[in-house]
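**Student:** Residue numbers for the sequence shown follow my numbering, so the first one is 4 and each next one is one higher.
Using N, Cα and C, we set each Cβ at its ideal position, and we do this for glycine too.
Please read all numbers here as calculations on a predicted model, not as lab measurements.
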Amino acid sequence: GLFVTDYFTRTPRKLSPFRSFASIELFHFHIPEDTVIAVWNLITFKEQGGTFGDQCPDHSITVYFRSGAPSVINPLHTHFPRDTAVPGSFALTLTWTLPNRTTGVFNVTSPLPGDWFLAAHLPKDEGKISVKGLYEECQYLFQPQLIVQRLVNIAVLYPGYITEQSMSPHNRSSLYKVFVPSYTSRVLVEVLRCRGAEGCPLWLRVRAKAPPLHNSTALDCREHAPCQLALDLPFWQHWYYVLVEKHPGVPGPISFQVTVQLTDCSRPSLARPPFLPSSASMNMPHSFGAAGGLALGDSPPPTSPNSTKHPVPVPTASPAGERCWPVRPTLRNELDTFSVHFYIFFGPNVSVPPDRPAVFVINLLPVLDSGGVLNLELRLNVSSLCGENVTVFGCLNHEVPLTSGDNASVTCETESLAGFLLSVNATASLSRLRIPYPQTGSWYLSLRSLCATEHGFEPCTNVTAEVYLRAYLSPCINDCGIYGQCKLLRTNNYLYAACECKAGWNGWGCTDNAEAFSYGFQLLSTLLLCLSNVMFVPPVAIAVRSHYLLEAAVYIFTMFFSTFYHACDQPGIVVFCIMEYDVLQFCDFLGSLMSVWVTVIAMARLQPVVLYLLGAMLLSMALQMDRHGLWNLLGPSLFALGIMAIAWTARTIRRRHCYPPTWKRWAFYLCPGALIAAAAVLLYAFVETEENYFYIHSIWHLLIAGSVGFLLPPRAKPSGRLGPLPRRKGCGYQLCVNEQEELGLVDPAVASINSICTS
C-alpha cells in the first residue's frame with residue numbers, strides 16, 4: 004500500500020515532582036485513522052540559570068500513555084475511593100544517558116485512532132520550601148514528538164458483496180476494512196475459493212478500530228473449511244479491519260474471495276441487506292477510504308471493473324435469543340464544566356421487567372467530557388420485589404451494549420469486551436460506580452433482574468423490579484472531600500480536573516489517611532503559628548516606652564495580620580479566616596517587611612516621615628510584583644540598611660568617634676540582635692520544609708520579634724533647650740512667675756531660674 008507520514012510536536016514544558024495529578028504535565032495528541040505505526044520521540048533536557056544543567060541531579064522521568072482519555076496514575080501507591088474503577092495505561096521510565104540530555108522512544112504498532120494522552124512527572128521530592136531567587140533552580144524540560152505512518156486507499160468491503168483478490172508472490176498480505184453500524188450483533192468474515200496453492204495457506208485476522216496485530220482474533224484457513232471468522236457483539240459505529248495474510252514460504256500467486264455478513268440484531272433471522280440506499284440507513288461516514296470506491300447513495304458497484312460481484316442473499320443463522328432491545332436515550336443537561344447530568348425520559352425510576360433487559364445509552368462528547376469523572380448510582384426500591392429474592396444486575400459497557408441471550412449470566416465480559424458490573428438486592432440496595440477520566444463515546448447500561456435459587460441465578464417470573472438510576476459527570480470524586488481541593492487544569496485547549504490534597508491526605512479523591520494529620524496535630528500547629536506572634540508584645544512595649552509610636556503601630560499591625568493569616572493558611576480543618584486569603588497574605592507580608600524597615604530607620608535616628616512613606620510605597624510595589632521573589636523583598640531591606648549605614652558613618656565622621664559610641668550597646672544589644680536575626684533568616688531560607696513548617700516558622704516568628712526588641716534603639720536624649728518646668732500641684736490655681744524673664748533681662752534658655760509660685 005501507499006504510506007503517508009505525519010509529524011506532530013509539542014512545546015517543551017517544565018516537569019514538577021509528583022504530589023498529585025495536578026502536578027503532572029499532560030500532552031494531547033490525535034492519531035489519524037488507518038495508522039499502522041506511531042512513534043513517540045521523548046526528549047528531556049536540563050537547564051539551570053539559562054544554560055545546560057550539567058550539575059543537576061539525574062532524576063528519573065516517568066511517562067504514561069493512554070488512548071481516549073488521560074491516564075489514571077498512582078505512583079505513590081495510595082488507596083482509591085470506594086467503588087472507583089481504575090483503567091490501565093502504559094508506563095515508561097526515562098533514565099539519563101548524557102549529563103544534560105536524554106531521549107526515549109515509544110513505539111505503538113497499529114494504534115487506536117483518536118485522542119492519545121501523555122502524562123509526565125518527576126519523582127516525589129523531600130518537600131523543601133525554597134526561597135524564590137535564592138539560587139538557580141534546576142529545571143527538567145520534557146518535549147514529546149509524534150511520528151505516524153498511515154495507509155491510504157485501503158480497500159473497503161461492503162456487507163453482502165464478494166470481493167475478489169489475487170495476491171502476487173512478492174505480496175504477503177491484503178488489508179481491507181468494513182464499517183459496522185449500530186444494532187449489529189455479529190460480524191462474519193469468510194474467505195472463499197482459495198486457489199493457487201495446496202489447501203488454503205492463508206491467515207484471516209480481524210480487529211476493530213485499527214489494523215490487526217499478531218495477537219488479534221485470527222483463523223488459519225488451512226485448518227478450517229470453510230474459512231469463516233465470526234465476531235459477536237462488535238463495536239458499533241466503528242471500522243473493522245480484515246487482514247488476509249499468506250503463510251511464510253508459500254511460492255506463487257494466490258487468488259481468493261472475501262465477503263462480510265453483518266447480522267442486524269433488530270432482525271436476527273436475516274443478514275443486513277447487501278446495499279443500503281443512503282448513508283443515514285447505514286450510519287456510515289462519507290469518507291471511507293478507497294479511491295474510486297462506492298459512495299453511499301450511488302448505484303451498486305459493477306462486477307467487472309472493481310472485481311466485485313452481487314452475491315445471492317444468504318440467511319445468516321443466529322443463536323436463539325440473539326436480539327437487541329430498544330436503547331433508551333438520556334437527556335444531557337450541562338450545568339458547568341464537567342458538571343453534566345444525564346436524565347432518563349420518564350425517570351429517574353426505571354422498571355426492569357423479568358423477561359428482558361432495560362438498556363440505556365450515555366453519550367460523552369469527544370475531548371470535552373474525558374477530563375472528569377463518570378458517576379453511576381443504582382438504588383433498588385425494595386418494596387417493588389413483593390418478597391422475592393431478586394437481584395438487579397447492571398452492565399456498563401463502552402460502545403456496545405452487552406445483551407447476551409443467557410439471562411443467567413452475571414458477568415459483563417466476553418472474549419473481546421470488558422465492562423463494569425453493578426448489582427443491587429434487598430440486602431444491599433445501593434451500588435455506585437465511579438470512572439475517572441472515562442473514554443468518550445457511547446456508554447451502554449444494561450439492567451436485568453434475576454432471582455437467586457439453590458442452583459444459582461435464574462430468570463424471575465412476574466416480578467418487575469424498580470430501580471432509581473442516576474448518572475452524572477463531575478469534575479472530581481466527591482469534590483475531593485474536606486481535605487482536598489478540586490482544581491480545573493488546562494493544557495493547551497484541553498481541560499481536565501484533579502484533586503490537590505492537604506493535611507497529609509493522599510489518593511485520587513483525598514481519601515487515603517495513611518499519612519494524614521490528626522485533629523490534635525492540626526490544632527497544635529495552628530496554635531504554634533498563631534501564638535508565636537505574641538512575641539511581638541515586648542517590642543511593642545519597648546517602642547511605646549521609648550516613644551516610638553509609629554514603630555509600635557507597625558508591630559501591632561504585623562502581629563495582628565500574621566496571627567490571622569496563619570489561622571487562615573492551615574491545610575486541615577482547623578482554619579479561621581476573618582478576611583479573604585489574598586488580603587491576609589498581602590497584609591502579613593507587608594507588615595513583616597515594614598517592621599524591618601521602620602526598625603532600621605529608627606536605628607538610623609532619622610525622623611522624617613517621608614522615609615516611612617517611601618518604604619510603605621516601595622514595599623507595596625514589590626509585594627504586588629512578586630510576593631515570593633527574593634530580590635523584590637530583599638531590595639527595600641538592603642536600601643534601608645544602606646540609609647542606616649550612611650547615617651551612622653556621617654555621625655562617626657562628625658563626632659570623630661565610633662557610632663553607637665558605647666561598647667555596651669554593641670555587646671548587649673546590636674550584636675545579639677543581629678545574630679538572632681541572621682539565625683532566623685538562615686532557618687527560613689535553608690531549613691524550612693513542608694514537614695517541619697509549623698515549628699520552624701514559629702521559631703522564625705520568635706526570633707524576628709526578639710531581634711526587634713534588641714535592635715530598637717533607646718529613647719533619644721532631649722536637645723539643649725529647656726522644656727517647661729514641672730509645677731507643684733495645689734488645691735487651687737498656681738501662678739508661676741519668673742521674675743528675670745518678665746523683666747526681659749536675660750535669656751530664659753541659659754539663665755538660672757528662680758520662680759516664685761503664689762497660690
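With DSSP collapsed to three states, give me the class of residue 127.
**Tutor:** coil
**Student:** Given residue 550, which residues of its chain have a CB within under 7 Å of its CB, disregarding the five upstream and five downstream residues?
**Tutor:** 718
**Student:** At least one CB of chain D closer than 9 Å to the CB of residue 176: is that the case?
**Tutor:** Chain labels in this structure do not include chain D; a single protein chain is all it has.
**Student:** With DSSP collapsed to three states, give me the class of residue 286.
**Tutor:** Caution applies to residue 286, whose pLDDT of 34 falls short of 50 and renders its modelled position unreliable; the value that the coordinates give is listed next. Looking at residue 286 - three-state DSSP - the assignment turns out to be coil, as it is neither helix nor strand.
**Student:** Could you have a look at residue 121 and say whether DSSP puts it in helix, strand or coil?
**Tutor:** strand
**Student:** Is residue 662 helix, strand or coil when you go by DSSP?
**Tutor:** It is coil, neither helix nor strand.
**Student:** So, at 8 Å on beta carbons, what are the nonlocal neighbours of residue 239 in its own chain, with the 5 sequence-adjacent residues on each side left out?
**Tutor:** 183, 184, 185, 186, 187, 402, 403, 445
**Student:** I believe residue 558 touches residue 598 by the beta-carbon criterion, under 8 Å. Please report the beta-carbon distance rounded to the nearest angstrom.
**Tutor:** 6 Å
**Student:** Under 8 Å: do the region 536-549 and the region 676-694 share three or more Cβ pairs, one atom per stretch?
**Tutor:** no
**Student:** If you follow the alpha helix (DSSP H) that residue 675 is part of, which residue opens it and which one closes it?
**Tutor:** 674-685
**Student:** With a threshold of 8 Å, establish whether the CB of residue 680 neighbours any heavy atom of the ligand GTP.
**Tutor:** Judged by which ligands are present, the structure shown has none, so any question about the ligand GTP falls away.
**Student:** According to the Cβ coordinates, are residue 634 and residue 75 closer than 9 Å?
**Tutor:** no
**Student:** With distances taken between CB atoms, is the gap from residue 600 to residue 643 smaller than 9 Å?
**Tutor:** yes
**Student:** How close, in whole Å, do the beta carbons of residue 764 and residue 41 come, if the pair is a contact with beta carbons under 8 Å?
**Tutor:** Residue 764 is absent from the structure shown; the chain starts at 4 and stops at 762.
**Student:** Could you give the DSSP three-state label for residue 487: helix, strand or coil?
**Tutor:** strand
**Student:** Looking only at its chain, what residues have a beta carbon closer than 8 Å to the beta carbon of residue 39, apart from the 5 residues adjacent to it on each side?
**Tutor:** 6, 112, 113, 152, 153, 154, 214
**Student:** Taking one C-beta from the region 662-675 and one from the region 558-572 each time, how about it: are there three or more such pairs within less than 8 Å?
**Tutor:** no
**Student:** Please state the DSSP three-state secondary structure of residue 35.
**Tutor:** It is coil, neither helix nor strand.
**Student:** Cα-Cα, which of 641, 418, 47 is closest to residue 124?
**Tutor:** 47
**Student:** Kindly confirm or deny that the region 611-618 and the region 516-530 touch, where touching means at least three C-beta pairs closer than 8 Å.
**Tutor:** no
**Student:** What residue does the alpha helix (DSSP H) around residue 591 start on, and which one ends it?
**Tutor:** 584-606
**Student:** Can you find the residues in the same chain that come closer than 7 Å, C-beta to C-beta, to residue 170, ignoring five residues on each side of it along the sequence?
**Tutor:** Short of 7 Å from the beta carbon of residue 170, and not among the five residues preceding or following it, lie these beta carbons of its own chain, in chain order: 177, 249, 256, 257.
**Student:** Got a sec, what are the start and stop residues for the beta strand (DSSP E) residue 347 sits in?
**Tutor:** 342-347
**Student:** To the nearest angstrom, how far is it from the Cα of residue 265 to the Cα of residue 161?
**Tutor:** Straight-line measurement puts the Cα of residue 161 at about 10 Å from the Cα of residue 265.
**Student:** Does the Cβ-Cβ distance between residue 426 and residue 397 come in under 9 Å?
**Tutor:** yes
**Student:** Which first and last residues belong to the beta strand (DSSP E) in which residue 714 is found?
**Tutor:** Segment 696-714 is the alpha helix (DSSP H) holding residue 714; no beta strand (DSSP E) there.
**Student:** Does residue 481 come out as helix, strand or coil in the three-state DSSP assignment?
**Tutor:** helix
**Student:** Indicate whether the contact test is met: 3 or more Cβ pairs, each with one atom in the region 62-80 and one in the region 364-379, closer than 8 Å.
**Tutor:** yes
**Student:** Whole-angstrom Cβ separation of residue 392 and residue 483, contact assumed at under 8 Å?
**Tutor:** The pair is not a contact, with the Cβ atoms about 39 Å apart (cut-off 8 Å).
**Student:** Quick check: residue 583 and residue 130, are their CB atoms within less than 9 Å of each other?
**Tutor:** no
**Student:** What did DSSP end up calling residue 312 once you bin it into helix, strand or coil?
**Tutor:** Model confidence at residue 312 stands at a pLDDT of 44, short of 50, so the residue's coordinates are unreliable; what they give is reported in the following sentence. Residue 312: strand per DSSP, three-state reduction.
**Student:** Would residue 95 pass as a contact of residue 107 if the rule is Cβ separation under 9 Å?
**Tutor:** yes
**Student:** Among 663, 548, 367, which has the Cα closest to the Cα of residue 438?
**Tutor:** That would be 367, whose Cα lies nearest to the Cα of residue 438.
**Student:** Starting from residue 152, trace the beta strand (DSSP E) in both directions and tell me its first and last residue.
**Tutor:** 141-155
**Student:** So, with DSSP's three-state summary, where would you put residue 132?
**Tutor:** DSSP places residue 132 in coil when its eight states are reduced to three.
**Student:** Near residue 542, what residues of its chain come up, given a Cβ to Cβ distance below 7 Å and the 5 sequence neighbours on each side ignored?
**Tutor:** 558, 708, 711, 712, 715
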